[in-house]
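Written out below as structure tokens is the structure these notes cover.
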Amino acid sequence: MKNFKIAVIAGDGIGPDVIAEGKKVLSGIAGLDGSFNVEFTDFPWGCEYYLREGRMMPEDGLSILKDFDAIYLGAVGYPGVPDDISLQGLLLKIRKGFDEYINLRPVKLLKGAPCPLKDVKEEDIDMIVVRENSEGEYANVGSRLYPGTEQEIALQTGVFSRKGCERVIRYAYELAQKEGKSLTNISKANALGYSMVFWNEIFAEVGKDYPDVPTSSLMVDAASMFFVKNPQRFQVVVTSNLFGDILTDLGAAIAGGMGLAAGANLNPEKKFPSMFEPIHGSAPDIAGKGLANPLAAIWSVSQMLDFFGEEAWGKKVIAAIETLLLEKKTLTPDLGGTAKTDEIGAAILEILGRK
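In UniProt numbering, the protein residues as written are 1 to 355.
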């Protein structure tokens, strides 16, 4: 029997609430299937850990995590801890340390999910955003000069390496080719004359190896407009770290809200563990009240199952979420229901058990 070892960092705020439901669903699926087992190990890292220990995770945290098959992350953020500390000290440290250079974020309008756009059908919003995840604008290279004076200067440098750009762009081409879909490249080369021109050149170079993949390129501002006005034009999207972060939050807004937004941080070669997470915030004001929507955390379980090679179960989880949304019997308040957070995992498993 296959045994998948999963490190769980539930994090802060509603993180523990939603991750508990994801664990419930994943354990239940393992029981229903019978051919694999999941083994969870919990780590109490995050902002509250920082307030006690002065760091977001132990100094040897990456060494502790490196032998797991996957990392399941909740939400990070807490009053009193600056956002740059919480992000740099945990999430980005893991992404960079484990070379999780692919960030996959589905933007898909599920059946029964709310959509703020007029006259849009489910099939009109169905894309996957491939975001560069290890360098770019989030490399955190820069300096502060003349601090505290009128001449103070802040320098922030984006890092775009040929290797870093090429591997994420090639991954996107491979995905588009495999699924028979178009590929849209999103950049801002008119204003960023070094990094984004370089990115576009590599997109064109790699594209020569995939002549059968239909492609287009858009400026990020135009892409933001078309995400709203014409989302059906997007199938596979590839873009840089910052643009991918912003566009997928916009994507979540048009595809059911942040409560349905999941993300995978992949090391495709599996040299290091990959990390799966809901991409919403920690919402500490509603933590522990049973109000949080765990469907994004459960969707990220679907992504984890795909990565483990259990694609059939990954599809079944998405179908179960759609059934839950359509039946409207067990939904959290953000989706118009009265169910508590800890009722959702069991409801998903009940639906999966019908199949």
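Glycine is no exception: its CB is placed at the ideal position from the N, C-alpha and C atoms.
Because the structure is a prediction, the values reported are computed rather than measured.
Any chance the stretch 247-265 sits against the stretch 153-173, with 3 or more Cβ pairs inside 8 Å? The answer is no - the stretch 153-173 does not touch the stretch 247-265, with fewer than three Cβ pairs under 8 Å.
Whole-angstrom distance between Glu-59 and Pro-147, CA atom to CA atom: Between Pro-147 and Glu-59, the C-alpha separation is close to 29 Å.
Can you tell me whether Glu-269 is helix, strand or coil according to DSSP? Three-state result, Glu-269: coil.
What residue does the beta strand (DSSP E) around Gly-74 start on, and which one ends it? Gly-74 -> beta strand (DSSP E) spans 70-75.
Test: Gly-148 CB closer than 7 Å to a CB of chain D: Considering every chain present, this structure includes no chain D. It has just one protein chain.
Distance, Thr-330 Cα to Thr-338 Cα: For Thr-338 and Thr-330, the distance between alpha carbons rounds to 7 Å.
Limits of the beta strand (DSSP E) - the one that Ile-128 falls within: 126-132 is the extent of the beta strand (DSSP E) around Ile-128.
Measure the C-alpha to C-alpha separation of Lys-289 and Asp-17 and round it to an integer number of angstroms. Looking at the two C-alpha atoms, the distance is approximately 9 Å.
First through last residue of the beta strand (DSSP E) which encompasses Lys-2: Note, Lys-2: beta strand (DSSP E), 2-11.
If you check the beta carbons only, do Ser-240 and Glu-350 fall under 7 Å apart? 7 Å or more divides the Cβ of Ser-240 from the Cβ of Glu-350.
If you drop the 5 nearest sequence neighbours on each side, which residues of the same chain put their C-beta closer than 8 Å to that of Thr-248? Excluding residues within five positions, the ones whose Cβ falls inside 8 Å are Arg-105, Val-107, Val-129, Arg-131, Ala-261, Gly-263, Ile-279.
Restricting to Cα atoms, I'd like to know which of Asn-190, Ala-223, Leu-183, Asp-119 is closest to Ala-204. Checking every option, the nearest Cα to that of Ala-204 belongs to Leu-183.
Look up Glu-39 in the DSSP assignment and give the residues it is bridged to. Paired residue(s): Lys-5.
Straight-line Cα distance separating Ser-187 from Phe-198: The straight-line gap from Cα to Cα measures roughly 10 Å.
Given this structure, state the Cα-to-Cα distance separating Lys-271 from Ile-318, to the nearest angstrom. Looking at the two C-alpha atoms, the distance is approximately 28 Å.
Unbroken stretches of the alpha helix (DSSP H), 4 residues or longer, contained in the stretch 232-292: Listed in chain order, the complete alpha helix (DSSP H) runs (minimum 4 residues) inside the stretch 232-292 are 241-254.
Can you give me the C-alpha to C-alpha distance between Val-8 and Val-25, rounded to a whole angstrom? Computed Cα separation, rounded: 14 Å.
Do Ile-71 and Pro-294 have their C-beta atoms within less than 7 Å of each other? Between Ile-71 and Pro-294, the CB-CB gap reaches or exceeds 7 Å.
Residue environment, Gly-314, which counts as buried when at least 16 other CB atoms sit within 10 Å: The residue in question, Gly-314, is buried, as its Cβ has 16 or more Cβ neighbours within 10 Å.
Is it the case that the Cβ atoms of Arg-213 and Tyr-173 are separated by a distance below 7 Å? Correcting the residue identity first, residue 213 is Val in this sequence and not Arg. Yes, they are a contact pair.
By alpha-carbon positions, which one of Ile-321, Asp-285, Asp-67 ends up nearest to Ala-297? Here the closest residue by C-alpha is Ile-321.
Per-residue DSSP class, three states only, for Gln-151: Note: Gln-151 maps to coil in three-state DSSP.
Determine the DSSP secondary structure at Met-57, reduced to helix, strand or coil. Residue state, collapsed to three classes: coil.
Proximity below 7 Å, CB of Gly-112 to CB of Leu-325: Yes; because the gap between Cβ atoms is below 7 Å, this pair is in contact.
With DSSP as the reference, please indicate the residues paired to Asn-185 in a beta bridge. Ser-217, Val-238.
Taking the beta strand (DSSP E) that Asn-140 falls in, what are its first and last residues? Looking at the DSSP string, the run of the beta strand (DSSP E) that includes Asn-140 is 136-145.
Buried/exposed call for Ala-191, threshold 16 Cβ in 10 Å: By the neighbour-count rule (16 or more Cβ atoms within 10 Å), Ala-191 is not buried but exposed.
Whole-Å CB distance - Val-81 paired with Leu-51, under 8 Å assumed: With a contact defined as Cβ atoms closer than 8 Å, Val-81 and Leu-51 qualify at about 7 Å.
Within the same chain, show all residues whose beta-carbon is closer than 6 Å to that of Met-258, passing over the 5 residues directly before and after it, in chain order. Answer for Met-258: Ala-252, His-280, listed in chain order.
In its own chain, which residues sit with a C-beta less than 6 Å from the C-beta of Gln-177, not counting the 5 before and 5 after it? Excluding positions up to five away in sequence, the list reads Tyr-210, Val-213.
How big is the Cα-Cα spacing for Leu-145 and Ile-94? If you take the alpha carbons of Leu-145 and Ile-94, they lie about 29 Å apart.
Using 10 angstroms around the beta-carbon of Asp-67, count the other beta-carbons present and answer buried if the total reaches 16, otherwise exposed. It is exposed - the Cβ of Asp-67 has fewer than 16 other Cβ atoms within 10 Å.
Residue of Gly-15, Glu-53, Met-56, Asp-124 minimising C-alpha distance to Gln-235: Among Gly-15, Glu-53, Met-56, Asp-124, the Cα nearest to that of Gln-235 belongs to Asp-124.
Excluding the 5 residues flanking Gly-97 on each side, which residues of the same chain have their C-beta closer than 7 Å to its C-beta? Hits under 7 Å: Leu-62.
What is the DSSP secondary structure of Val-18, reduced to helix, strand or coil? Three-state result, Val-18: helix.
If you check the beta carbons only, do Phe-243 and Val-206 fall under 7 Å apart? Not a contact, by the Cβ cut-off of 7 Å.
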